[in-house]
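Chains as they are written, first to last, in the working numbering: chain A, 14 to 322; chain B, 14 to 322; chain C, 14 to 322. Note that the Cβ used here is the ideal one computed from N, Cα and C, for glycine as well. Just so we're clear, the structure is a prediction, and the values are computed from it rather than from any experiment.
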Amino acid sequence: MAKNRASWSKRDVISILDFSREELELLFEETDKFVTQEKAPNTLSEKIVATAFFEPSTRTRLSFSVAALRLGAKVIDLSPDVSSLLKGESFADTISMLEGYADLIVLRHPSEGAALFAAELCEKPVINGGDGSQHHPTQAMLDLYTVSRTLGQIDGLVYAVVGDLKYSRTASSLLYALTKFKPKMVHLVSPEALALRKEVYQRLKEVSLPMEVHSSIEEVISQVDVIYLTRIQKERFADPDEYKRLKGSYVITKSLLEKSHAIVLHPLPRLEELPYEVDRTPNAAYIKQAHWGVPLRMALLNLILGDSQ
Amino acid sequence: MAKNRASWSKRDVISILDFSREELELLFEETDKFVTQEKAPNTLSEKIVATAFFEPSTRTRLSFSVAALRLGAKVIDLSPDVSSLLKGESFADTISMLEGYADLIVLRHPSEGAALFAAELCEKPVINGGDGSQHHPTQAMLDLYTVSRTLGQIDGLVYAVVGDLKYSRTASSLLYALTKFKPKMVHLVSPEALALRKEVYQRLKEVSLPMEVHSSIEEVISQVDVIYLTRIQKERFADPDEYKRLKGSYVITKSLLEKSHAIVLHPLPRLEELPYEVDRTPNAAYIKQAHWGVPLRMALLNLILGDSQ
Amino acid sequence: MAKNRASWSKRDVISILDFSREELELLFEETDKFVTQEKAPNTLSEKIVATAFFEPSTRTRLSFSVAALRLGAKVIDLSPDVSSLLKGESFADTISMLEGYADLIVLRHPSEGAALFAAELCEKPVINGGDGSQHHPTQAMLDLYTVSRTLGQIDGLVYAVVGDLKYSRTASSLLYALTKFKPKMVHLVSPEALALRKEVYQRLKEVSLPMEVHSSIEEVISQVDVIYLTRIQKERFADPDEYKRLKGSYVITKSLLEKSHAIVLHPLPRLEELPYEVDRTPNAAYIKQAHWGVPLRMALLNLILGDSQ
């Protein structure tokens, strides 16, 4: 355990693939402490955390801010200047500036690889708060934590990942995360136009993640333990009529869940794919999931920036 | 008194109508402490306050932020994400997110009833920082505090509420607040097009608030003790000429005040209705009023979030 | 020394011309402490610093924020409301509002004289974070600190100030700062269209700053000890072809520096005038310069707001 703890110290968090099962399990145990603890320790009182969001994301930005503040850290935010930064200086110079000001950078960026590039430039730890279309490692950590603490296990379960598997970085990240565990089966449920990218599918095949492709949630609902739902955005469809025709197959309704014991996860924010009527079903796990976002990120920041013990 | 103090604990602040005279007087006494105290107590050091302003308002946002910070609380602000939130997820989901992050939410919203809706959804206290066209309870508290601490009383005075009574939520809120006290008379002074909404007038009539309607401040200036001035915005008039013709009747000039002992209040920001020449008259109370915004909100946050004693 | 320290207390920082050589040297000595100290003292824990940037400036805003936070102060930021403030109330009323909320205001404004005007209105210290085209005093302090701590002296050196001398407030501020010391020579290197404003040149002449005007850096490169480079913005040229033709004369390349022992300073952000290849030359001092921005501003805030000793 002590070894794992040391492996987190001052570490970049770029892709969930960079973490071992043991490291993730340690993170989950640390998260448990912050879930139950009323009063947060003041472990980061000498630290400054910078949030640099080149794409808006309320939940990710605020959950990191709250996590840092609760541990006593100070937070600086790049938001007021993002629009002029995008027109102005290079990304490399912006990162170098933040390296001078902060002890850790949380970055969200539309470009694939932006977080990795920042981490290579910067001697301070960089946390990827989502970049490109594949990586959002802290969301995947939260997803697995929620499965683990709700169902008692991650291994041996049947998962359905539903919706836009092409553009949703949370879907890809969760699939990468599952390769660190032993799921019984992963059903990929999406319209063809929003199917998982070939390169992601190949990578998962190589590590023998058991997967099946489906075009409707109805086909698998009776077998799954975990439904992971993502937003389907109208704009992704060339033809609005196709959107109307297809969207029903990726909406989780209350009546659909009556046939199912599965827990429902969603990274939020949601659109039509997750109606409010589901909030009060026993299946809904996404509200708890959202609330655990802060303690999980407290545990993460504390492992990375706190004194190794 | 102890009973009143308990009645403030964990309370929502949606409309000034929800508070009793005794509760307001307790708030004013607590405010006195923060006005005179040099060093603020660190009573909220474990708390996080979220400011969620779906409409810009510098004074209200910053005075709540400063009040929270001075009491040791941390502040998170939704501003950088407001534009994308307005296009994106539901207001209910946004409030639910903030409920997970903060111990109290200060909300400003253009829609009537937004604060009440948020308070119903959210188990944490919600403070209405202004919604729709009628409610801005903390401004009304500040207005009455200023009258009370400047003139020594709220009862028995003659008030003139002047300007845009139709769209100004601060004017309606003050009138609602006055129903908790015993003003001698309230003069409503506005152009016809900007007269008090019928439903507000009716409600005030029902509780027998003594009111008279006027179309010019000149008609009542010699009798009033308190002038409450609001902005008249050009855009409210269909005809720009009408604006030019009328605005003079709702401007408080230095020469007008020479005939008057009245104190002048204004929620700020101001436009042409309150020329700078008035700032140095003995009548001007709005600068003091603005500076008392922080101690009043410190008292409010402390009563709601501090330990009940 | 004690006398100098007192002269900094509660002081406005509007123009570098307002400070004596002794005062600047005291600031530099105080900065040394914050450069070497690992743990910042909590001297400003009762203070609130407001950043009011009516023009975006990431480095200046964040370096002041970080400096204040590291000293234990709280920071409030006007950014979310700047666009509505620019349409709305007067600048004077905005400053008066901030005076009520904060213990010190850091201001950036496009208009010449905005900081002076604010300082006259406001009893709390105002720091000019850049206004108009001539003044950015804390950047000039940082520039001279970097020269002093890199070359061991400010006097007796040969300087080249290169690029846009007309619109760059950092260039003018540095020139004003040099009048407090004894440089051997200052070369002004710019295209004619971007030459130093006559009024600035006159003012420098009056205090006998030794100056020479050049149109290319090549002319002086072999003699200079310090190259101060500023951005040349395409938009300043009426004719894009002229920009293309001229810009080469104001770019500092690695091969150019092979003939030179000069250190290179740049206020950042940079554009084409300072290629990345220069970053790894021994001449590059601008990265160190940027990192010293925080300790210098810590020293400044501490001298102004801390207890005089």
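Exercise. If you measure beta-carbon to beta-carbon, which residues of the region 50–67 of chain A are closer than 7 Å to chain B?
Worked result: Near chain B, meaning a CB-to-CB distance below 7 Å, the residues of the region 50–67 of chain A are Lys52.
For this session: Report yes or no: is there a C-beta of chain A within less than 7 Å of the C-beta of serine 97/B?
Result: So yes, serine 97/B belongs to the interface.
Exercise. What is the C-beta distance between glutamine 147/A and serine 186/A, in whole angstroms, given that I count them as a contact (C-beta under 8 Å)?
Worked result: At roughly 7 Å, the Cβ-Cβ gap stays under 8 Å, so glutamine 147/A and serine 186/A are in contact.
For this session: Consider the Cβ of lysine 87/C: report whether some Cβ of chain B lies at a distance smaller than 7 Å.
Result: Contact of lysine 87/C with chain B is assigned, a C-beta pair being separated by under 7 Å.
Problem set entry | Listed by chain order, chain B residues near proline 282/A by CB distance under 9 Å | The CB of proline 282/A comes closer than 9 Å to the CB of Leu98, Gly101, Glu102, Ser103, Asp106, Thr107, Met110 in chain B, given here in chain order.
For this session: Using the DSSP secondary-structure output, state which residues sit across from methionine 224/A in a beta bridge.
Result: Checking the DSSP bridge columns, you'll see methionine 224/A partnered with Val199/A.
Problem set entry | Beta-ladder partner(s) of asparagine 141/B, from DSSP | Partner residues in the beta bridge of asparagine 141/B, as assigned by DSSP, are Leu120/B.
Problem set entry | Sheet register partners of valine 326/B (DSSP bridge) | With chain B covering 14 to 322 only, the question about residue 326/B has no answer from this structure.
Exercise. Checking contacts by CB at 7 Å: is histidine 122/A closer than that to chain B?
Worked result: Taking a beta-carbon distance threshold of 7 Å, histidine 122/A does not count as an interface residue toward chain B.
Exercise. Between which two residues does the beta strand (DSSP E) carrying threonine 64/C extend?
Worked result: Membership of threonine 64/C in the beta strand (DSSP E) is indicated by the continuous run 61–66.
Exercise. Alpha carbon to alpha carbon, how far is leucine 287/B from arginine 244/B?
Worked result: Looking at the two C-alpha atoms, the distance is approximately 8 Å.
Problem set entry | Continuous alpha helix (DSSP H) stretch holding isoleucine 167/B: start and end | Here isoleucine 167/B belongs to no alpha helix (DSSP H), and DSSP marks it neither H nor E.
Exercise. From the beta carbon of threonine 159/B, is the nearest beta carbon of chain E less than 7 Å away?
Worked result: Among the protein chains of the structure shown, namely A, B and C, there is no chain E.
For this session: Establish whether the CB of glutamine 322/B and some CB of chain A are separated by less than 7 Å.
Result: With a pLDDT of 46 at glutamine 322/B, under the threshold of 50, the predicted position of this residue should be treated as unreliable, and no value is reported.
Problem set entry | Test: histidine 149/B CB closer than 7 Å to a CB of chain C | Answer no: the Cβ-Cβ gap between histidine 149/B and chain C never drops below 7 Å.
Exercise. Does DSSP put aspartate 25/C in a helix, a strand or coil?
Worked result: Here aspartate 25/C sits in coil by DSSP.
For this session: Please go through the same chain and pick out, in chain order, the residues whose beta-carbon is closer than 8 Å to the beta-carbon of leucine 222/C, but skip the five residues on each side of it.
Result: Same-chain partners within the cutoff: Leu188, Leu191, Thr192, Pro196, Val199.
Exercise. Using a Cβ cut-off of 9 Å, which residues of the region 245–261 of chain B contact any Cβ in chain A, in chain order?
Worked result: From the region 245–261 of chain B, no residue has a Cβ closer than 9 Å to chain A.
Problem set entry | Start-end ranges of the alpha helix (DSSP H) lying completely within the region 49–100 of chain B, minimum 4 residues | Taking 4 residues as the shortest admissible run, the region 49–100 of chain B contains the following complete alpha helix (DSSP H) segments, listed from N- to C-terminal end: 71–83, 95–100.
Problem set entry | Nonlocal neighbours in the same chain, by C-beta distance under 7 Å from serine 161/B, ignoring five residues either side | Closer than 7 Å at Cβ, skipping near neighbours: Phe41, Ile167.
Exercise. Under a CB-based cut-off of 7 Å, is proline 93/C close to chain B?
Worked result: Closer than 7 Å to some Cβ of chain B, the Cβ of proline 93/C qualifies, so yes.
For this session: Identify the contact partners of aspartate 90/B in chain C, using a Cβ-Cβ distance below 9 Å as the criterion.
Result: Below the 9 Å Cβ cutoff, chain C contributes Asp90, Pro93 as neighbours of aspartate 90/B, in chain order.
Problem set entry | C-alpha gap between glutamine 322/C and alanine 19/C, whole angstroms | With a pLDDT of only 46 at glutamine 322/C, under the threshold of 50, the placement of this residue in the model should not be trusted; the figure read from the coordinates follows. Here the alpha carbons of alanine 19/C and glutamine 322/C stand approximately 8 Å from one another.
Exercise. From lysine 267/B to glutamate 290/B, what distance separates their C-alpha atoms?
Worked result: Approximately 6 Å, taken between the alpha carbons.
Exercise. Closer than 7 Å, CB to CB, is tyrosine 180/A near chain C or not?
Worked result: Using a Cβ-Cβ cut-off of 7 Å, tyrosine 180/A does not count as an interface residue toward chain C, since no Cβ of chain C sits closer than that to its own.
Exercise. Closest Cβ-Cβ distance between glycine 145/A and chain C: below 7 Å?
Worked result: It does not: the Cβ of glycine 145/A has no partner Cβ on chain C nearer than 7 Å.
Problem set entry | Extent of the continuous alpha helix (DSSP H) to which isoleucine 276/B belongs | Element bounds for isoleucine 276/B: not the alpha helix (DSSP H) but the beta strand (DSSP E), 276–278.
Problem set entry | Sequence-distant residues of its chain with Cβ nearer than 6 Å to tyrosine 172/B (five each side left out) | Once the five neighbours on either side are set aside, the close Cβ partners of tyrosine 172/B are Pro196, Val199, Val239.
For this session: Could you tell me whether any Cβ in chain C is nearer than 7 Å to the Cβ of valine 26/B?
Result: By this cut-off, valine 26/B is not an interface position.
For this session: Can you have a look at serine 33/A and say buried or exposed, based on whether 16 or more other CB atoms are within 10 angstroms of its CB?
Result: Flag for serine 33/A reads exposed.
Exercise. Does the beta-carbon distance from aspartate 94/B to proline 123/A come in below 7 Å?
Worked result: Not in contact: aspartate 94/B and proline 123/A (Cβ atoms no closer than 7 Å).
Exercise. If you draw a straight line from the alpha carbon of glutamine 302/C to that of alanine 115/C, how long is it in whole angstroms?
Worked result: Each residue's alpha carbon lies about 29 Å from the other.
Exercise. What is the DSSP secondary structure of alanine 297/C, counted as helix, strand or coil?
Worked result: In the structure shown, the three-state DSSP call for alanine 297/C is strand.
For this session: At 8 Å on the CB atoms, spell out the chain A contacts of threonine 71/C, in chain order.
Result: Correct list: Leu91, Asp94, Ser97, Leu98, Thr107, Met110.
Exercise. Quick one, which of Ala80/A, Glu248/A, Leu164/A has its alpha-carbon nearest methionine 311/A's?
Worked result: Sorting Ala80/A, Glu248/A, Leu164/A by C-alpha distance to the C-alpha of methionine 311/A places Ala80/A at the top.
For this session: Give the interface partners of valine 291/A over in chain B, defined as CB-CB distance under 8 Å, in chain order.
Result: The CB of valine 291/A never comes closer than 8 Å to any CB in chain B; the least such distance is about 13 Å.
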